[in-house]
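All remarks here apply to the structure that follows.
Number of protein chains: 4
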Amino acid sequence: MTEEYKAAKPIYMQIADKIIVSIVRRELTPGEKLPSVREMAVKSGVNPNTIQRTYSELERMEVVETKRGQGTFVTEQEELFQELKNKVQREIMDSFIDSMRQLGISEEKILDDLSSYIKGEGGKNS
Amino acid sequence: MTEEYKAAKPIYMQIADKIIVSIVRRELTPGEKLPSVREMAVKSGVNPNTIQRTYSELERMEVVETKRGQGTFVTEQEELFQELKNKVQREIMDSFIDSMRQLGISEEKILDDLSSYIKGEGGKNS
Amino acid sequence: MTEEYKAAKPIYMQIADKIIVSIVRRELTPGEKLPSVREMAVKSGVNPNTIQRTYSELERMEVVETKRGQGTFVTEQEELFQELKNKVQREIMDSFIDSMRQLGISEEKILDDLSSYIKGEGGKNS
Amino acid sequence: MTEEYKAAKPIYMQIADKIIVSIVRRELTPGEKLPSVREMAVKSGVNPNTIQRTYSELERMEVVETKRGQGTFVTEQEELFQELKNKVQREIMDSFIDSMRQLGISEEKILDDLSSYIKGEGGKNS
DNA sequence: GTGGTCTAGACCACA
DNA sequence: GTGGTCTAGACCACC
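Quick mapping for you: the protein sequence lines, in order, are chains A, B, C and D. Quick note on numbering: our numbering labels position 61 of the first sequence as 134, and the sequence is numbered without any gaps. Quick note on numbering: our numbering labels position 55 of the second sequence as 128, and the sequence is numbered without any gaps. Quick note on numbering: our numbering labels position 83 of the third sequence as 156, and the sequence is numbered without any gaps. Quick note on numbering: our numbering labels position 43 of the fourth sequence as 116, and the sequence is numbered without any gaps.
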C-alpha cells in the first residue's frame, strides 16, 4: 500500500484558488487591480513572498497580468472568464463523481439521488 | 487569524474516512474484524499511535466496537450501514452543491450541467 | 524614448540557461541526475532557494523531472533534446540576425560576410 | 567566486553601444554634434553623470571628440567609420560563431543552418 | 539524504 | 509606491 497521506495544498496555491473563485464569481472583474503583494500578505496573514508566488502562478496561468511599478491586474480577456469557470466547474464535478463512485453509486443513481436531495432540501434556501 | 491556511485533515482522520468508505462499499462487512493496530500501522506506513486514534474515533462514532483481547470489529447493526452511507453521501452532496453555488450556479443548472457532463464523459468508463 | 536599460537576467535563469546548454551539448544526458539543490547551490555560490527556483523553472519547461526524496533528473524523452537544441539555436540565430540588421546589413550580405569571415578565420581553429 | 553572475553591462556602456550603432548606421555622421550631456541625460532618463561617463568612454575609443565650450562631436575621420563598423560586426559574428560552436555545430553547418533559417523566415520582413 | 514550502528581511528597477 | 529577485535559515514529507 504505502499510500501518501496528502499534505495540505501549499498556501500559495490555496490563495490562488481563492482568487480564481473570486474571478469566476465576478467579485473580481477583468482589468481590476488586485491588492498589492504587501497588502495581500497582511490581509492573508502570510509572508509577502508567499503572495508573490501566488501572483506568479496566476500570471503563469494567464489569469492575471502584472505591470511593473503599477500592480497586478485580472486579465482583460472576456474569454478567460468562461474558460476559467468551465475549468473550475469541471474539476468540482469530477471530484464529486469520483467520491460518489467510491461509495459504489452508479452514474444514473448519482443524478437521481442528487435530484431528490436538492428537491428535498430545496425548501431551506428558496 | 495567523493560522487559517493549511487545513489538511489529520492523518488519523484520513484513515478513518477510508475505513468508513470501505464499510459503505461493503468491502468491510458488519461483524468483520479490522486489522490489528500494529498490522494496520505497518500497512499504512504510519505510527501505531495514529491508528489507535483512528480506531478510538471510529468507536466514538459507533462504527466499530473493540473487544478486549480480541480486536476491533465493524458494528453488527445493519441499520448503521444505511445510516452511515446516507450520512457520508449527504456530506458529499452538500459539499458539491455548496461548491457549485459558490460558482453562482443555480440548483436546476447544477443538475443539468452534471447530467450533460456525465453523459458526455460516460463513454470513457462504461 | 524612456528606454528601459535591461537589467541582467535573473541568476536563476542564467543557471537554467547553462543547464539547458549542457543538455544540448550532451554533457548532461537524458535520465542523468542533476546535482542536489544544496550541492548546486554551493557549486554556484548561490542560495539554495535560487537553485530551487532554477529547478522549478526547468521542470515547468519539462526539461527535468523531479522525484521526491531522490533528486532532479534530465527528462528521459529523446525528442526533448532535439526540440531543445532547435529552440536554443533559433534564439541564437534570431539574435544574430537582429544585431546584424541593426548595423544596416541586409540578409544576403549577412550570409556573405559571415561566410568570408569564417573562411578567413578558419585557419585558427583547424 | 561569490560574484560571477548578474553581468548586465553597466548602463553607460549600453548607451555607448547604442551611439556606436547609430554611427555605424550613419544616423550620426562624422562631424555631427551629439546632444549635450544634460540633454542626453533627460532623453535617456538617466543621471547626467552616467552620460558623462559614456562620452568619456567614447572619447577614449576615439569615436568622438570633445571641444571645450562647443560640445561633443563624432570624429571626422572617414576611416574611423569603416573601422568601427568592421569591429562591431566582427564582435557580433565572433559571439555568434562561438554560441553556435558551443551547441556543437560545425562551421559549415552554421552557414547552412543560418541560410535555411533566413530563407525560411525571409518572407516575413522582405 | 532529497525536493518543496514558508518566513524574515533586504535591495533593485520601474512608475 | 509597485512587482521581482535574492539571501538566510527553518520545517516538512518522502526515500
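Note that the Cβ used here is the ideal one computed from N, Cα and C, for glycine as well. Model, not experiment: these values are computed from the prediction.
DSSP places residue 138 of chain C inside the beta strand (DSSP E), whose first and last residues are 137-140. When A:163, A:89 and A:141 are compared, the shortest CA-CA separation from residue 191 of chain B is found for A:163.
Residue state for residue 82 of chain A is assigned as coil, using DSSP reduced to three classes. For residue 123 of chain D, the enclosing alpha helix (DSSP H) has its first and last residue at 121-133.
Comparing alpha carbon positions, the residue from A:86, A:85, A:95 and A:139 closest to residue 157 of chain A is A:95. For the pair residue 110 of chain C and residue 121 of chain C, the CB atoms are nearer than the 8 Å cut-off. Contact annotation for residue 190 of chain B against chain A: 162, 163, 166, 167 and 170 [CB-CB distance below 9 Å, chain order].
Those residues of the segment 91-107 of chain A placed with their C-beta closer than 7 Å to a C-beta in chain B are 94, 97 and 98, ordered along the chain.
Straight through space, the alpha carbons of residue 149 of chain C and residue 138 of chain C are spaced by roughly 9 Å. The Cβ neighbour count for residue 89 of chain C, taken over all protein chains shown within 10 Å, is at least 16; the residue is labelled buried. Cα atoms of residue 155 of chain C and residue 116 of chain A: separation of roughly 47 Å, rounded to the nearest angstrom.
Between residue 147 of chain D and residue 93 of chain D, the CB-CB gap reaches or exceeds 8 Å.
Straight-line measurement puts the Cα of residue 85 of chain D at about 33 Å from the Cα of residue 193 of chain C. Around the beta carbon of residue 186 of chain A, 16 or more other beta carbons lie within 10 angstroms, which makes this residue buried.
Look at residue 173 of chain C: its C-beta is under 8 Å from a C-beta on chain D.
In the structure shown, residue 144 of chain D adopts extended strand secondary structure according to DSSP, grouped into three states. Contact residues of the segment 133-162 of chain D toward chain C are 158, 161 and 162 (C-beta to C-beta distance below 8 Å). The alpha-carbon separation between residue 178 of chain A and residue 98 of chain C amounts to approximately 55 Å. Between the alpha carbons of residue 165 of chain A and residue 182 of chain B lies a distance of about 14 Å. Nearest C-alpha to residue 105 of chain A among A:145, A:180 and A:168: A:145.
Between residue 184 of chain B and residue 188 of chain A, the CB-CB gap stays under 8 Å.
With contacts defined as CB atoms closer than 8 Å, residue 124 of chain C and residue 134 of chain C fail to qualify as a contacting pair.
Counting along the chain, residue 117 of chain B sits inside the alpha helix (DSSP H) bounded by residues 110-117. Taking a Cβ-Cβ cut-off of 9 Å, residue 185 of chain B has no neighbours in chain A, whose nearest Cβ is about 10 Å from it.
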